[in-house]
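Structure first, then comments.
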Amino acid sequence: MKITVIGAGYVGLTTTVGFAELGNEVTSVDRLPLKIEKLSKGISPIFETGLSEMLQKHIKQNKIHFTDNIEKGIAFSEVIFLCVGTPQGDTGKADLCQIEEASKDIAKHMKSYKLIIEKSTVPVNTHQWVKRVIKRYAKENIEFDIASNPEFLKEGSAVYDFMNPDRIVVGVESDRAREIFKRLYNPFVEKGIPLIITTPSAAELIKHASNSFLAIKISYINMVSELCEKVGANIDMVAEGMGYDKRIGRAFLQAGIGYGGSCFPKDVKAFIKIAEEQGIDFKLLEEVEKINLSRRVKFLKKIKEALWIIKDKNIALWGLAFKPDTDDIREAPSIDIVRELEKAKANLRLYDPQAMENFKDIFPDSKHTRYFNDKYEALKGAEALIIITEWDEFIEADLDKIKDNMKLPIIIDGRNIYPPQVMKEKGFEYYSIGREKINNGDIWK
Ligand code: UGA
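Start counting the sequence shown at 4; every next residue gets the next number (the numbering used here).
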């Protein structure tokens with residue numbers, strides 16, 4: 004099939020390479036000529052496992068085209084995916100300017116039937132606005148359908164997630180749209196992956212409700228981890244014991260420094276607003292947000308309790324990305340932690356396998372905040388190591404080498420990546436989340 008994808012960001016690009024991989028011919032449209040120029044050469048603006056390789060492969064096979072000409076993009080196919088940004092507005096509500104802009108463009112340039120599909124995360128009933136805008140701005144009375152087909156891609160494994168979905172959700176209003184989706188997703192249906200066909204409003208809600216539920220799980224386990232610290236139980240064991248219950252599941256019960264990224268913080272806020280507009284007080288989610296942000300404060304308290312005076316201490320910090328396998332630092336806990344440690348006048352030695360360049364935009368390389376290209380180099384002379392992101396290379400790091408490089412073997416781990424017993428045996432002073440008993444500010448090891 005021929006497919007047009009509007010917006011060449013992380014969702015748009017993954018959708019583009021994913022559909023090409025399934026055997027379709029895809030045109031990706033973006034307003035930024037420089038981005039299109041780079042993409043046409045196979046250079047991806049984002050770091051996403053497998054994306055560049057697939058991009059280059061399909062460009063060579065002529066299955067992916069790029070253009071900054073929206074008219075050309077719209078003429079290319081009858082199936083148009085909206086993958087433009089829906090950032091957080093001032094009040095926490097999603098800013099839908101780019102959705103309206105793209106809808107107007109479609110209205111202006113469409114000359115035959117189009118199926119217009121929302122893939123970006125949007126508030127419930129956005130499809131009704133898209134429909135209205137297209138009707139208002141269309142020059143002729145051309146038939147079209149609006150549908151919702153939310154993405155459930157995780158940053159870092161987006162391409163894998165596209166090719167291996169748990170389920171596909173589509174919300175349609177006509178048989179014609181339903182049949183197009185059946186053809187489009189047939190390769191997945193043949194593999195037994197559930198295709199849930201519902202209304203656009205339900206599809207829109209499924210996305211926000213799913214992300215918010217996962218955020219609830221994270222904040223819940225983080226609160227239980229606090230209790231663990233009081234009573235001397237190990238949160239990892241508690242989560243494992245809970246996780247074997249199929250109704251609960253082990254996923255997203257990893258206690259730590261809380262969630263970040265471009266999705267959960269924004270989507271939880273937007274969902275609260277959506278409920279508020281309907282006269283519903285979604286206090287549960289407000290609490291989830293509050294708990295999440297308080298993780299950072301609690302972690303800083305842990306650092307201070309472990310190190311006492313922060314001023315002039317050499318502190319190494321591993322992990323700046325909001326999670327592993329990405330260079331994304333949006334809403335990353337590392338930002339608040341580094342800001343506070345800078346304020347307290349620590350000498351920071353930062354390392355991340357991918358996110359350092361992005362981080363430098365907020366915290367430039369300076370005398371007191373230095374970046375290192377090697378994780379062991381960052382440890383030289385350090386009086387403590389703080390771990391914020393659970394990259395595999397940290398999990399697999401050589402503990403003896405860590406100890407040899409540091410001035411003092413103190414680790415404060417926000418992601419529980421090492422077994423406390425092993426750390427004790429190796430001679431580390433090791434602090435983590437919900438795994439040691441804490442009493443009135445003293446940490447008992
Ligand atoms: C999330 C969802 O998982 C995707 O299904 C969804 O498509 C995507 O948002 C989106 O809306 O586009 P993503 O933000 O890429 O994906 O990352 P996750 O892997 O879900 O992690 C989100 C945050 O939760 C990270 O900061 C991670 O460190 C944290 N987390 C996750 C925990 O603290 N504990 C856990 O057990 C799991």
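Think of the CB as a built atom: it goes at the ideal place given N, C-alpha and C, for glycine as much as any other residue.
- Go to residue 63, then tell me how far its alpha helix (DSSP H) extends in each direction, as first and last residue. 54-63
- Item | C-alpha distance - residue 360 paired with residue 210, whole-angstrom precision | 31 Å
- Message: Under 8 Å: do the segment 183-203 and the segment 53-72 share three or more Cβ pairs, one atom per stretch?
- Response: no
- Relative to the alpha-carbon of residue 180, which residue among 385, 150 and 155 has its alpha-carbon at the smallest distance? 150
- Can you pull the DSSP bridge partners for residue 28? 5
- Message: Report the start-end ranges of each beta strand (DSSP E) in the segment 71-157 that is 3 residues or longer and not cut off at the edges.
- Response: 82-85, 117-121 and 147-151
- Task: Tell me where the alpha helix (DSSP H) around residue 179 begins and ends.
- Result: 178-187
- Query: Three-state secondary structure (DSSP) at residue 340?
  - Reply: helix
- Contact test: residue 158 Cβ vs ligand 2 heavy atom, cutoff 6 Å: Absence of ligand 2 from the depicted structure is noted, with ligand 1 being the only ligands included.
- For residue 388, the first and last residue of its enclosing beta strand (DSSP E): 387-390
- Cβ pair residue 22, residue 9 closer than 7 Å: no
- Task: Taking all protein chains shown into account, decide if residue 281 is buried (16 or more other Cβ within 10 angstroms of its Cβ) or exposed.
- Result: exposed
- residue 247 classed as buried or exposed, judged by whether at least 16 other C-beta atoms fall within 10 angstroms: exposed
- N-terminal and C-terminal residue of the alpha helix (DSSP H) that residue 298 is part of: 286-310
- Helix, strand or coil for residue 256 per DSSP? coil
- Query: Is there contact here, the segment 342-361 with the segment 415-423, by at least three beta-carbon pairs under 8 Å?
  - Reply: no
- Message: Considering only their Cβ atoms, is the gap separating residue 350 from residue 267 smaller than 7 Å?
- Response: no
- Task: May I have the straight-line CA-CA distance separating residue 437 from residue 230, to the nearest angstrom?
- Result: 8 Å
- Measure the CB-CB distance between residue 334 and residue 263 and report whether it falls below 7 Å. yes
- Query: Beta-carbon separation of residue 348 and residue 314 under 7 Å?
  - Reply: yes
- Task: Would you kindly check if the distance between the Cβ of residue 62 and the Cβ of residue 19 is under 7 Å?
- Result: no
- Message: Tell me which residues share the same chain as residue 447 and place their Cβ nearer than 6 Å to its Cβ, disregarding the 5 neighbours each side in the sequence.
- Response: Because the pLDDT of residue 447 is 43, which lies under 50, any placement of that residue in the model is unreliable, and the number read from its coordinates should be weighed accordingly. If we look at residue 447 and ignore the five residues flanking it on each side, its Cβ neighbours are 440.
- Is it the case that the CB of residue 259 approaches a heavy atom of ligand 1 more closely than 6 Å? yes
- Message: Can you list, in chain order, the residues of its chain with a C-beta nearer than 6 Å to that of residue 15? Leave out the 5 residues immediately preceding and following it.
- Response: 8 and 86
- Along the chain, where does the alpha helix (DSSP H) that runs through residue 167 open and close? No alpha helix (DSSP H) holds residue 167; DSSP gives it neither H nor E.
- Query: Ordered along the chain, which non-local residues of its own chain (more than five positions away) have a Cβ less than 7 Å from that of residue 288?
  - Reply: 215, 271, 274 and 275
- Distance between beta carbons of residue 238 and residue 228, contact taken as under 8 Å: 4 Å
- Assigned exposure category for residue 443 - 16 Cβ within 10 Å defines buried: Below a pLDDT of 50, predicted positions are generally treated as unreliable, and residue 443, at 47, falls in that range; the measurement from the model is reported next regardless. Exposed, because fewer than 16 other Cβ atoms sit within 10 Å of the Cβ of residue 443.
- Message: residue 385 and residue 319 - do their beta-carbons sit closer together than 7 Å?
- Response: yes
- Task: Report, in whole angstroms, the separation of the C-beta atoms of residue 52 and residue 328, which I expect to be a contact under 8 Å.
- Result: 6 Å
- Assumed close pair residue 88, residue 123 - CB separation to whole angstroms, cut-off 8 Å: 7 Å
- Helix or strand or just coil, what does DSSP make of residue 415? strand
- Query: Would you call the segment 70-81 and the segment 27-34 touching, i.e. three or more CB-CB distances under 8 Å?
  - Reply: yes
- Residues of its chain near residue 106, where Cβ-Cβ distance is below 6 Å and the 5 sequence neighbours each way are ignored: 133, 136 and 137
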